[in-house]
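One rule links them: number in the numbering used here = place in the sequence shown (from 1) + 441.
Ideal placement from N, C-alpha and C gives every residue a C-beta, glycine not left out.
A short worksheet on the structure shown next.
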Amino acid sequence: MKIKKGDTVEVISGRDKGVRGEVLRPLPKEGRLVVQGANVRKKHQRQIQTGGKTMNPGVIQFEAPLDLAKVMLVCPKCGKLARVAVQRQDGAGRRVCKQCGAVIDT
């Protein structure tokens, strides 16, 4: 995956098109990721007891995973949507913006 936890991405298709947010959790095996503020779902939670604690009942909101193809990385230097190239140097890979050539990894 060329997108990592903490990166800023923008949703490019679907109901949340145009929403920018931080990647909270990448799921590389499934090809999905969780973006803050995008794909927000509501779940009706029953009151349950686990380990002596009770979870409060009610409606909870959470971010559901998005498909990796629906988001694009936002370049930290130019602020535009960017495709990412990986350049190998001294045995280590660096992510590079294809538009402006800036190194994305810090």
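- Residue state for A510 is assigned as helix, using DSSP reduced to three classes.
- In this structure, V500 lies away from K518, with their beta-carbon atoms at least 9 Å apart.
- Annotated three-state conformation of V460 is coil, per DSSP.
- Annotation: the continuous beta strand (DSSP E) that includes E451 extends over 449-452.
- Within the same chain, and ignoring the five residues on either side of I489 in sequence, the residues whose Cβ sits closer than 6 Å to its Cβ are M496.
- Spatial neighbours of Q486 in its own chain (CB-CB distance under 8 Å, excluding positions within 5 residues in sequence) are listed in chain order as M496, N497, P498, G499, V500, I501.
- CA-to-CA, the gap between V512 and R482 works out to about 18 Å.
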